[in-house]
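Presented below is the structure to which this report refers.
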Amino acid sequence: MPERTPHTEVEGAESSAFVAWPIELDGVTVRYPNGVVALNNVSLSIAAGEMVSVVGLSGSGKSTMIRTINGLVPATNGTVTVGPHTVTTLRGKALRELRGSVGMIFQGFNLADRASVYQNVLVGRFAHTATWKTMLGMASSEDREIVLRALDSVGMLEKVWGRAGALSGGQKQRIAIARALSQEPEVMLADEPVASLDPPTAHAVMTDLERINTERGLTVLVNLHLMDLARQYTTRMIGLRAGEVVYDGPATTATDADFEAIYGRPIQSRDRLGK
Amino acid sequence: MTNTLVLPPKPRTWPRNVGVVLALAAMTLLTTLPRLGGVEIDLGSIARNWSNAAERIGMLLQPDLSILPRTIEPMFQTLSMAIVGTVLAAALAIPLSLWAARPTNPNGLTRRAVRFVLNVVRAVPDLVYATILVAMVGVGTLPGVITLILFDVGIVVKLVSESIDSADSAYMEGGRAAGGTQTQINKVTALPQSWPVIASQVLYSLELNVRISAILGIVGAGGIGRLIDEVRGFYRYDALSTIIIEILVVVLIIEVVSNYLRKRLR
Ligand SMILES: Nc1ncnc2c1ncn2[C@@H]1O[C@H](COP(=O)(O)OP(=O)(O)O)[C@@H](O)[C@H]1O
Ligand SMILES: [Mg+2]
Chain A
741 MPERTPHTEV
751 EGAESSAFVA
761 WPIELDGVTV
771 RYPNGVVALN
781 NVSLSIAAGE
791 MVSVVGLSGS
801 GKSTMIRTIN
811 GLVPATNGTV
821 TVGPHTVTTL
831 RGKALRELRG
841 SVGMIFQGFN
851 LADRASVYQN
861 VLVGRFAHTA
871 TWKTMLGMAS
881 SEDREIVLRA
891 LDSVGMLEKV
901 WGRAGALSGG
911 QKQRIAIARA
921 LSQEPEVMLA
931 DEPVASLDPP
941 TAHAVMTDLE
951 RINTERGLTV
961 LVNLHLMDLA
971 RQYTTRMIGL
981 RAGEVVYDGP
991 ATTATDADFE
1001 AIYGRPIQSR
1011 DRLGK
Chain B
96 MTNTLVLPPK
106 PRTWPRNVGV
116 VLALAAMTLL
126 TTLPRLGGVE
136 IDLGSIARNW
146 SNAAERIGML
156 LQPDLSILPR
166 TIEPMFQTLS
176 MAIVGTVLAA
186 ALAIPLSLWA
196 ARPTNPNGLT
206 RRAVRFVLNV
216 VRAVPDLVYA
226 TILVAMVGVG
236 TLPGVITLIL
246 FDVGIVVKLV
256 SESIDSADSA
266 YMEGGRAAGG
276 TQTQINKVTA
286 LPQSWPVIAS
296 QVLYSLELNV
306 RISAILGIVG
316 AGGIGRLIDE
326 VRGFYRYDAL
336 STIIIEILVV
346 VLIIEVVSNY
356 LRKRLR
């Protein structure tokens, strides 16, 4: 087991210097090359350190919206601002640096199954590492430290040398969270992070995200299609329907009628995760 | 059972099948017409030369083992050509495979350029490479090794890049979202992800190399093939038989070992 410095010291230093970033969308439209308008003139602003859910049916544009925030999907019109960066004008190295400050987790985890857990989490250090150093396999002792600490914070340190593919779904999502945390991001995006997990694991992962928001102070934006998860874990909810914002308000007190308006149909049992 | 099943009408396939058979028959007939420059298949020549053939087959059936000590050195030469060729080819094929596959090289221009060059490399038969290289760099193992490298790179890059193309590459998005360059993503995630197929194709190319390098000597590119050429020149079919059996045994051993290793990779 590699040497590690005591936990508390570094964490205290981190939180004192840490400032989360706000997110701002101004008249954002995304039209895919096949003509589908996935986002239609969306404007919203999320304050630094907020924990916000984006709720909507499948196809309502949740993934598209979250991907415009780190430039994985370019906006056809409008401006996306994240902290000091205007994402919609960034290209190449500047865009990669912005992505380095924005962690992201996915429904399908997006891990390299045959690579080790360590290598998968090291991916989070890409934006902070020169390409030639990565080519030579030279991770700095600082990178190594950050990777191990990220794994420890999601309780997966013991799996560090195992293959990512050998883990369960919940464990894989934890590794993906560690990958995002090792970026030392200012913002965390999550695209339906619990949609392929069983209910207890889903709650555990949502709790991890909640802690990232409350303990580390990151701005967290999470796509969900289940109403009870949005109510339980987030403070503010944005409802999307057919690429447009149809709800923006508190999550905890959102009524069933509010959800019916977002879904555009009566509530069904599959709109809830349950216990 | 109360009601019988109502099947949708079965599509008729026999007219198409008959058409295919007729087309094949016509093609075979046309290509064997001497008037059209077709291949002449003279079955009669087998009967006319029968005594000649029988004599040689007789010699092949009585292997002359006295040649064995002389085969050892060229056989090792053949094996080392095959191994050196495989190792160098693998070193070239790994980056080329990543450049030739879409997920690991989104740039269409360089991807198509690599693919085009490799298509050309693959289109040239190995004996043509060997013959030209012998003329260029002289008789010996060097032209043989270069021939093997060209041949191996051609097939390994094709098979590996096609497998990368068809494999799930969602993990790429994880690296891209973290702000990685394509090279970083390839090194840390795509390479371990493709490792089994790379290792498997490299072992397969080693098998092929042993077979190919056994005959490359016939055109002067070193190894046991040179000895084959020599004994054949002296009509020593009994000695030739020993060499053929030896090659067979070596190829089989390599194949068994490589098959075993490739199974373990899965
Ligand atoms: N790459 C793409 N190319 C074309 N259309 C797309 C693409 N991605 C998503 N879409 C379309 O955009 C709309 C919104 O999709 P998406 O953002 O994935 O919604 P959600 O995440 O809410 O299910 C859908 O109609 C979908 O079919
Ligand atoms: Mg989606």
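Respectively, the protein sequence lines represent chains A and B.
So for the first sequence, our numbering puts the first residue at 741; every next one is plus one.
So for the second sequence, our numbering puts the first residue at 96; every next one is plus one.
Glycine residues also receive a C-beta, built at the ideal position from the N, C-alpha and C atoms.
Simplified DSSP assignment, three categories, for residue i
i, result
"A/Glu924", "coil"
"A/Arg903", "strand"
"B/Leu183", "helix"
"A/Asp931", "strand"
"A/Leu784", "strand"
"A/Asn860", "helix"
"A/Ala760", "coil"
"A/His868", "helix"
"A/Leu966", "coil"
"B/Thr242", "helix"
"A/Glu754", "Here the model assigns A/Glu754 a pLDDT of 49, short of 50, so the residue's position is not dependable, and the following value carries that caveat. Helix, per DSSP."
"A/Met805", "helix"
"B/Asp333", "helix"
"A/Ser880", "coil"
"B/Ser308", "helix"
"B/Pro190", "helix"
"A/Pro746", "Low confidence applies to A/Pro746: its pLDDT is 40, below 50, so where it sits in the model is not reliable enough to give any reading."
"A/Ser707", "In the structure as shown, chain A starts at 741 and stops at 1015, and residue 707 of chain A therefore has no counterpart that could be examined."
"A/Tyr973", "helix"
"A/Arg981", "strand"
"A/Met741", "Legend: pLDDT at A/Met741 = 41, less than 50; position of this residue unreliable, value from coordinates given subsequently. Coil at A/Met741, not helix or strand."
"A/Arg771", "strand"
"B/Asn144", "coil"
Beta carbon proximity, residue i to chain B, threshold 9 angstroms
i, result
"A/Asn860", "yes"
"A/Thr804", "no"
"A/Met928", "no"
"A/Pro746", "Reliability fails at A/Pro746, whose pLDDT of 40 lies under 50, so the model's placement of it is uncertain and the value that follows must be treated cautiously. Chain B contact via Cβ: absent."
"A/Asn850", "yes"
"A/Thr869", "yes"
"A/Gly818", "no"
"A/Val863", "yes"
"A/Thr874", "yes"
"A/Ser893", "no"
"A/Met977", "no"
"A/Glu754", "For A/Glu754, the predicted structure reports a pLDDT of 49, less than 50, and the residue's modelled location is therefore unreliable. The matter cannot be settled from this model."
"A/Met844", "yes"
"A/Ser785", "no"
"A/Phe758", "no"
Interface flag, residue i vs chain A, CB-CB below 9 angstroms
i, result
"B/Pro290", "Strictly speaking, residue 290 of chain B in this sequence is Trp, with Pro absent from that position. True, the Cβ-Cβ gap to chain A drops below 9 angstroms."
"B/Val283", "yes"
"B/Ile189", "no"
"B/Ile280", "yes"
"B/Pro287", "yes"
8 angstroms contact criterion, which residue i and residue j should meet: CB distance rounded
i, j, result
"A/Met792", "A/Val822", "Rather than Met, the amino acid found at residue 792 of chain A in this sequence is Val. A/Val792 to A/Val822, Cβ: 14 angstroms. No contact."
"B/Leu301", "B/Thr173", "12 angstroms between Cβ atoms; not a contact."
"A/Gly910", "A/Leu937", "6 angstroms"
"B/Ala273", "A/Arg919", "7 angstroms"
"A/Val1097", "A/Leu958", "No answer is possible for residue 1097 of chain A: the residues shown for chain A start at 741 and end at 1015."
"A/Ile763", "A/Leu1013", "In fact, because the Cβ distance is near 26 angstroms, the residues do not count as touching under 8 angstroms."
"A/Ala1001", "A/Val986", "6 angstroms"
"A/Gly811", "A/Leu784", "So it is not a contact: roughly 17 angstroms between Cβ atoms."
"A/Gln923", "B/Val283", "Wrong, their Cβ atoms sit about 14 angstroms apart, outside the cutoff."
"B/Gly328", "B/Gly239", "Not quite, the Cβ-Cβ distance comes to about 20 angstroms (not below 8 angstroms), so this is no contact."
Chain-ordered residues of the stretch 249 to 278 of chain B with a beta carbon less than 7 angstroms from chain A: Ala265, Tyr266, Glu268, Gly269, Gly270, Arg271, Ala272, Ala273, Gly274, Gly275, Thr276 and Thr278
Contact residues within the stretch 820 to 842 of chain A, judged by C-beta distance below 7 angstroms to chain B: Arg836, Glu837, Arg839 and Gly840
When you check each C-beta in the stretch 900 to 923 of chain A against every C-beta of chain B, which residues fall closer than 8 angstroms? Ala916, Arg919, Ala920 and Gln923
Given a limit of 9 angstroms on CB to CB distance, which residues of the stretch 191 to 223 of chain B reach chain A? none
Interfacial residues, the stretch 789 to 814 of chain A to chain B, with Cβ spacing under 7 angstroms: Asn810 and Leu812
Pairing CB atoms from the stretch 244 to 259 of chain B with CB atoms from the stretch 340 to 359 of chain B, are three or more of them under 8 angstroms? no
At a cut of 8 angstroms, does the stretch 866 to 875 of chain A reach the stretch 804 to 821 of chain A through at least three beta carbon pairs? no
Members of the stretch 768 to 779 of chain A near chain B, C-beta cut-off 8 angstroms: none
Going along the chain, which residues of the stretch 958 to 971 of chain A sit with their C-beta nearer than 7 angstroms to a C-beta in chain B? none
Touch check for the stretch 308 to 316 of chain B and the stretch 219 to 238 of chain B: three-plus C-beta pairs under 8 angstroms? yes
Sequence-ordered residues whose beta carbon comes within less than 5 angstroms of a heavy atom of ligand 3: Ligand 3 is not part of the structure shown, which contains ligand 1 and ligand 2 as its ligands.
Under 8 angstroms, with one C-beta from each stretch per pair, do the stretch 845 to 856 of chain A and the stretch 287 to 306 of chain B reach the 3-pair mark? yes
Stretch pair the stretch 275 to 282 of chain B + the stretch 344 to 358 of chain B: three plus CB contacts closer than 8 angstroms: no
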